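A.B. asks: Reading the sequence shown from the start, the letters are residues 77 to 1735 in the working numbering.
Glycine included, C-beta positions come from ideal geometry on N, C-alpha and C.
These figures come from a predicted structure and were not determined experimentally.
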Amino acid sequence: MEAQGKSSEDDDGGERGLLHSWRGYSYSVVPERLLLPRPVLQVALGAQHGVLLVEGGQVYTFGELPWKQTQSSQPTKPTLENALSGQRVVAVAAGSFHSGAVTEDGSVHMWGDNAAGQCGLSGLSCVPNPTPVALLEPGSAQSVPILELACGEKHSLALSAQREVWAWGSGCQLGLNAAVFPVWKPQKVEQLAGRWVLQVACGASHSLALVRCVGPDGIQRPPVDKCNQCNQLLYTMTDKEDHVIISDGHYCPMGVEAREDPPPTQTLKTSPSEPILPSHSSSTSTPAARTPDPTPDPEDSQKAGTTTTAHLPSDSDPLPSPKAAASTSSAKSSPYPGEQEVKEYLRKLSDASQTEAKMANGGLHALQTPSLGRGSSALNSLVASCASAVGERVASTYEALSLKRMMNFYLPSSRLEALGGAADGGAERVRREESVQAKKSSSTGDIHEEEAEGLRRRLSLPGLLSQGRYAVHLLSSSYGPLLSPRLLRKMGRSRTRAFALTPMGGGVPEDQEVFPTLQTEVWSWGHGEHGELGHGDNLDRLQPLCIKSLNKKEVIRVSAGAHHSIALTAQSQVYSWGSNLSGQLGHMDTPSTVPRLAKLSEGIRVWDASAGERHTLLLADGDCIQPIIYYSGQQVKEAGGEEEEVEEEDERPGGYTQQPVLLPFCMNLGFVSGVVAGGRRCVALSDRNVMGFISSLHELASAERKFYCKLCDVKSQVLRPLLELESLSSALGPAATELLQTLAGRFSLLSHLTGQHAASLTANLRRGRDVSSLLMLEHASIFLDVYNDYCSTVGNFFVMGGFHALTKPSLDVFGKSPELLQRLSECSEENTATSDLLVALFYLPTQHLHEYGRLLLKLATCFEVSSGDYQKLQDSWSKFEALTLQLKRKRKEAEYTFHFWKSFPGKMTDSLRKPHRRLIYESSNKSLTVQNAGRFSVNWFILFNDSLVHAQFSTHHIFALATLWVEPTPEDESGLHGLKVVTPEETLTLLASSSAEKTKWLRAINQAVDQALSGVGQDAGGSTSKSDPPISRTASYTFYKDGRLKDATYEGRWLTGKPHGRGILKWPDRRIYTGSFKSGLEDGFGEFACPNKALSKDDLYQGYWKEGKMHGLGTYRYASGEVYDGSFQDGMRHGHGMLRSGKHNTSSPSVFIGQWLQDKKTGYGVFDDITKGEKYMGMWQDHQRQGTGVVVTQFGLYYEGAFKDNKMMGTGILLSEDDTTYEGEFSDDWTLSGKGVLTMPNGDYLEGSFSGEWGSGLKVTGSYFKPNLFDAEKDKNRAVKLGRLSVRAEEKWQAVFEECWSQLGCEAPGQGEHLKAWENIAVALTSRRQQIQDSPEILSRSHSKTLEGLEVIPQHEGPITIERYHIVRMYLLKACDTPLHPLGRLVETLVAVYRMTYVGVGANRRLLPQAVNEIKSYLFRIFQIVRFLFPDLPEEGGLIPEPTENLPDENQETSADNRSESPKPGRVVSSSALLLPVLLPRLYPPLFTLYALEKEKEDDMYWECVLRLNKQPDLALLAFLGVQQKFWPVSIPNSLPAPGEKQPVISSTKDACFASAVETLQQISTTFTPSDKLQVIQLTFEEITQEVQSLLKQDFLWSMDELFPVFLYVVLRARIRNLGSEVSLIEDLMDPCVQHGEHGIMFTTLKACYYQIQHEKVT
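The following block contains the structure:
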């Protein structure tokens, strides 16, 4: 904008906002230029004065200003209003004798005449200077910010930022229902509350408001449902049996101006120009009642809320009174109502509100219209339609519309006919045209637009007139939710010809916020004696009322003169109504009480309008870019130097305009941006065209307005008539009809967007005239999308032969010579085919895009190249230009495709012709054939933008491009130019006729594939991209060949014709696989759901796959509720796995964990039967217990022995809780059968033959032995040895170890390459880590740290030193810590099976030896794997030499490690030292529980003794245990002990001696592994020694006799509860190499203490 230089103050006002003023329209008139220091932004004119707003927010006034109280009566020149200095004014307004201004912060200032309270300041008859007026929300002190003001003669209106209207002053034009005038304090107009008001205007004594439509298009505010005056419901609904009556007929008694007579309810006026006289109110004497019109005056019946009976003339009716007849507009001899009046009523009918025919007692009288002329065929058709609805309710135009609004509210999805109205058949339309022709000459004026609209809409809803039974009688209701559901159902079934020509919901995204709305209504209220309210009568209105006939007219601006009103529409038409004494309406010499079009010549598009006292100014587009001004109304005559109007002019015909006249001087004013009329004066604001900027803006706006009018013409003159044809769907067929409807919808959307854009450009011209507010820069994407969608739709319709098929329907509509089409499509050639004209017509908008580009470029040239505005314009230009080119190309493609279909054999066309499909290349010239094709075979290849079609004689096959790969076969000697085409289920080799053809096809296919994949359709680059499409891609495909995948749909990654990577595969029977694929088969991790029909639930599998089958680890959840968690192979359970059946509360909950072989339990397994409370640990075969095994029960029974066919069968041992033992033959579960020995707990035994079930009476044949006391020694050996008949530890869980070995890549344990094993470990870690990164919530932070540590593979070759041994140890600790590592997975599984075995019922003391052996076997087998990974690790018991040369290192070693072992020259390698720290902490709870159960009796004895002895004080206990006195830590206190010294022991002290050693020993319970426990014992000894040394003040060597009592004391005082269990655990799992060292001796000491305490006798 800098280029234009915002005008500076010194250059005479500069180039912007120049002000020209004049009066009248004669040739002698020359506008005078008012000079102001700054550009004028806004002008407002009163009766004798004017107000100017200039840039910078200052206000000037000029003209006669009597309230200024100056002596001079001369009109003043523009004077600055100083009272407003310091305020930045943004809007001004002028009433007849008062003015107002709105400042930036939304406050209002008023000044001028205040006799009627119009300034809103009480107590003053006039206000000399601008004074603030407060607009306060009722009940609060908050002021309401205001956007704009309007002022009339005695009232003022303000529009708030909340879009509500406030009023003050005097008269019914306030709309306030006030009882007393003047209203000094501004009040809100409640009738408009809840609506979005866009603009207000004031006439002398009436008001207008432009309101956004409510309903789905507008912003919905909650509707007011009660009258705020009399508190009655505004809307009533009566549900009759087959229809609903919805009425907003409520009329507030305060809403009608008081008259002496009651309001004339049954009266109808003779002519719209005649005011109703009180004497006309009786229905017998009114000629109106005789008129053949079944419609009472719409307004009256609406207001009165009563139902009027149509009184139609019959032979017996008296004649109308001559006086009334004479008062019609043209005198005539016939006493009957003449053509003129009939047409008036016709017009009213078609404009009108409700048409209601209620039957008089005797039904309709015979209709006789003696004096109707030929031109009244429309009336005939109307009467006929009334007659057809005899006895029924009839709903007319506006009910249809309000119903439509409800339908939108309820059924936005169904296409409603009423949206632009499908109408009655062709004949009806022709009749309408005739009646309009006949009307052209008459003085009713050019109203055929409304009439055609009204009649067209009359029959437009299913279920209105067309189906009388469902007539809905709606009284002008504009609110939705009031229909009966039955009716809505009926309405919902839309007919085939239903279509939408108005975009639903505004259509364009963010349209409500960004673009000006076109869905508007005009509301009016106030005095109506001149018809200025536009409701078709001369009544006054106390409250705002919607002017129904302006609905759907897209009014974007209203203006009010003294006694007339004008409305300007988006289609650049002007409607005017009210007083026409001076021709100010611009259409005829009689006044009009309803809006009518002003008469302007063809092609004149009005875009600004203003109404003065008796004249109207119109600003329009002419043929050139510069705007032109029209004037209609009073001529002002110059007389005696003073401009003074001559009264007699009124009587002479030349005194005013018959229709608007062009002002000759308007071309001299430059580029006019707005006109204002007021009082007798006219004003125009203009700009000079600096650097062509202003003219370019004007050109852009003018082009858009012109284009919008063009689109509206196409819509109303071409699209709508075509869509209304009955024969349309039969001519086009259902598919094309639907496409045409889509096309109509997209066309409407485009048209609507254009209309909104035109309105926004027009507003920009009136206001800012700058680039920043151009919507097409900010929101270019909206335009581009709408155009793109529209063109695709046109192309689709074209390709499907739609335009061709429209030829016949077009003949019906446009006749044989379609001049209309020729004119609209701007086609200059003669004899063009109708279809070509239609194509040209519907492709017209693409040329407009080019126009956008041209004008944007033109605007850009007005700016510095470096400026931001230039950049913006340039960018937008390139976008529009690029789209223009792309759409041109699309059009060419559509044409090419269309011609191809014309030549293509018909049978295949039907199946292949798709709207979006475009032809790229085809081989009709034999350029491509199949290799080895037969001589007579026909192979035709057609490449579309979405598929490659291979057509043969009668069949064809379609290959989707997304899943098509093409590669050239290498050229060989044979000279064949081959292409290999790969699709998911076919591979074809095609031969091209020449090398050039081969290249051409290859490029065409590759390009088409690339575009199909990118989904761009042909992007702007066209044929530029040379790169081949990726061989790996994402696509969707449905398989059709027989086989596993028949009819399945795959969606995901592909690699040359095969699913490869992640994807989803769905079968028609609802099986779904989601996961990874490899060369066409499921491979890797995946999820599979398979519906179980019987249980109507899904089986679900999550886990690994290989070559299309479940393989590896996985979890299978069966529909029955069972869950299998473990290994699979070839789709079967195979390897180690766990099967859980049922929940704890269901019929048979159980858990099996163990080995599976080809879907069956085979090998070692543990089965926990939760219902029976039994646990089996043993061998299986084919789901049955077979071989040796152990069973324990919750009641303490223990069985070990042979099983066969799932039963205990063969030799076995049975022990009960109390040690009763049976050893012998079994035949069934718990059933003894055969020889055996039964031993009692006391040693007695029975030997013989047994039969019967344990616990329910045994039959015995045998001998009873009572061993005598002397045989005690002998019988000790009879104790039964357990574990002989159970499964050996090393045979357990073989599958678990095998899995680990196979993960490392070994066929069998120890056989394989250890380097390969490390590779497998690395792969396992990275792949699983990858998988987990997709769902990071699984991983804790420490876990991911561990993983990072594992990524470094430790050095695993070369001699093992102590240092390397440590590295190995650390690595193992980490590896076993994460299940992602094969070793970690192994440990995790072993822990799970161990707990599974020995927890719950398995916590049976007799299982302890097995539990210990199992751990030892784990150690042995894991150590094997570790030695495989680290081959140089010595075997069990081998030595690692200590480093000797490095002394500091040695010391460090000694301190750290040699604590735990005797200082040998090296370190012994043992599995327990390496692996117990990993395993034991996890297995400790179940193991220790078993120890505690086993040692229960001994521990109880020991504990009793500990408790007893601990009651003794220290000295007594030391003495009792025989500790030598020299070790008693006693000293006679000379003084208080120094800090840090031990407290002396007095005879009564407890727990003071050797306290630190006691504390140390107590830690034995907090450690897990034997080596850690031994470490604790060693530390305890060291603490004791230290204490004794500090006592004796010298070095000291223990002897066992001295040490034992002291240690015994410490053990007693440590009070370790399960010391027996601790001792046994250490003994069982101690490292064998330690047994004879220092640790071994210390441990033996502890053990001795334990036994000593048990047998201690306290004397």
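What does the alpha-carbon distance come out to for the pair V752 and P208?
C.D. replies: Roughly 26 angstroms between the two C-alpha positions.
A.B. asks: For E1043, write down the residues that DSSP places opposite it in a beta bridge.
C.D. replies: Answer by DSSP bridge pairing, in chain order: K1056.
A.B. asks: What are the boundary residues of the beta strand (DSSP E) that includes L117?
C.D. replies: Residues V116 to L121.
A.B. asks: Apply the 10 Å Cβ neighbour rule to H855 and answer buried if 16 or more other Cβ atoms are within range, or exposed otherwise.
C.D. replies: That one is buried.
A.B. asks: Here's the rule I'm using: 16 or more other beta-carbon atoms within 10 Å means buried, otherwise exposed. How should L1668 be labelled?
C.D. replies: So L1668 counts as exposed.
A.B. asks: Take the Cβ of R822 as the centre, count every other Cβ of all protein chains shown within 10 Å, and call the residue buried at 16 or more, exposed below.
C.D. replies: Under this definition R822 is a buried residue.
A.B. asks: Output the distance between the C-alpha atoms of K1248 and V1477, rounded to the nearest integer angstrom.
C.D. replies: Computed Cα separation, rounded: 11 angstroms.
A.B. asks: Y1727 to A1479, Cα distance in whole Å?
C.D. replies: So the two alpha carbons sit approximately 26 angstroms from each other.
A.B. asks: Let me check understanding here. Comparing Cα to Cα, which of D1245, I222, L949 and L1004 lies closest to S183?
C.D. replies: The shortest C-alpha separation from S183 is found at I222.
A.B. asks: How is the beta strand (DSSP E) around L250 delimited, first residue to last?
C.D. replies: Run containing L250: none; DSSP gives neither H nor E here.
A.B. asks: Does the structure place the stretch 987-994 close enough to the stretch 954-963 that three or more beta carbon pairs sit under 8 angstroms?
C.D. replies: Short answer: they don't touch.
A.B. asks: When DSSP labels each residue in this structure, what does H992 get in the three-state scheme?
C.D. replies: It is coil, neither helix nor strand.
A.B. asks: Determine the extent of the alpha helix (DSSP H) in which P1553 is found, giving its start and end residues.
C.D. replies: It spans S1547 to E1570 - the alpha helix (DSSP H) in which P1553 sits, taken as one unbroken run.
A.B. asks: Counting beta carbon pairs with one atom in the stretch 1140-1159 and one in the stretch 1170-1187, are three or more of them shorter than 8 angstroms?
C.D. replies: The stretch 1170-1187, when compared against the stretch 1140-1159, does touch it at the 8 angstroms Cβ threshold.
A.B. asks: Locate the alpha helix (DSSP H) running through R1471, then write down its first and last residues.
C.D. replies: P1458 to Y1474 is the span of the alpha helix (DSSP H), which, as asked, contains R1471.
A.B. asks: In the structure shown, what three-state DSSP assignment does K1736 receive?
C.D. replies: Summary: the structure shown does not reach residue 1736, with the chain confined to residues 77 through 1735, and so no result is reported for it.
A.B. asks: With distances taken Cα to Cα, identify the nearest neighbour of G199 among P258, N158 and T146.
C.D. replies: Among P258, N158 and T146, the Cα nearest to that of G199 belongs to P258.
A.B. asks: Hey, could you find the ends of the beta strand (DSSP E) Q898 is sitting in?
C.D. replies: Unbroken run through Q898 is the alpha helix (DSSP H), E895 to L900; no beta strand (DSSP E).
A.B. asks: How big is the Cα-Cα spacing for L804 and D912?
C.D. replies: Near 19 angstroms, if we compare the C-alpha coordinates of D912 and L804.
A.B. asks: Taking its Cβ as the centre, do 16 or more other Cβ atoms sit within 10 Å of E1276, making it buried, or is it exposed?
C.D. replies: So E1276 counts as buried.
A.B. asks: Starting from K1173, follow its DSSP beta bridges and name the residues at the other end.
C.D. replies: For K1173, which the question treats as bridged, DSSP gives the partners N1168.
A.B. asks: Report the CB separation of L1722 from I1653 in whole angstroms; it is logged as a contact under 8 angstroms.
C.D. replies: At roughly 6 angstroms, the Cβ-Cβ gap stays under 8 angstroms, so L1722 and I1653 are in contact.
A.B. asks: Of all the options Q1234, M1255, L1037 and D1707, which has the alpha carbon lying nearest to the alpha carbon of V1242?
C.D. replies: The residue with the shortest Cα to Cα distance from V1242 is M1255.
A.B. asks: Which runs of the alpha helix (DSSP H) at least 4 residues long sit entirely within the stretch 768-830? Give them in chain order.
C.D. replies: The qualifying runs are 769-790, 796-800 and 804-808.
A.B. asks: For K1368, does the count of other Cβ atoms within 10 angstroms reach 16, so buried, or fall short, so exposed?
C.D. replies: Classification of K1368: buried, given that the 10 Å Cβ count is 16 or more.
A.B. asks: Among Q275, S283, S1403 and S236, which residue has its Cα nearest to the Cα of G228?
C.D. replies: It is S283 whose Cα lies nearest to the Cα of G228.
A.B. asks: Relative to the alpha-carbon of R1445, which residue among I1491, Y1494, K1492 and F1499 has its alpha-carbon at the smallest distance?
C.D. replies: Minimum Cα distance to R1445 is reached at F1499.
A.B. asks: Give the secondary structure of T1125 by DSSP, where H, G and I count as helix, E and B as strand, and everything else as coil.
C.D. replies: Strand, per DSSP.
A.B. asks: Report all residues from its chain with a CB closer than 7 angstroms to the CB of S1152; omit the five preceding and five following residues, and keep chain order.
C.D. replies: For S1152, where only same-chain residues beyond five positions count, the Cβ hits under 7 angstroms are G1137, R1138, D1159, G1160, F1161 and G1162.
A.B. asks: To the nearest angstrom, how far is the alpha carbon of L141 from that of G162?
C.D. replies: Cα to Cα, L141 sits roughly 23 angstroms from G162.
A.B. asks: Hey, quick one: how far does the beta strand (DSSP E) through P258 stretch, first residue to last?
C.D. replies: No beta strand (DSSP E) contains P258, which DSSP labels as neither H nor E.
A.B. asks: What number of angstroms, rounded off, separates the C-alpha of A1631 from the C-alpha of W1579?
C.D. replies: Rounded to whole angstroms, A1631 to W1579 spans 20 angstroms at the Cα level.
A.B. asks: Beta-carbon separation of S652 and R681 under 8 angstroms?
C.D. replies: Against a cut-off of 8 angstroms, the Cβ pair of R681 and S652 comes out as no contact.
A.B. asks: In three-state DSSP terms, what is L1273?
C.D. replies: Coil at L1273, not helix or strand.
A.B. asks: Would you mind listing the beta strand (DSSP E) stretches within the stretch 628-708 that are 3+ residues and don't spill past its ends, in chain order?
C.D. replies: Listed in chain order, they are 631-636, 640-645, 650-654, 668-673, 681-687 and 691-697.
A.B. asks: Pull up the distance between the alpha-carbon of C1709 and that of Y1149, whole angstroms please.
C.D. replies: Their backbone Cα atoms lie some 55 angstroms apart in a straight line.
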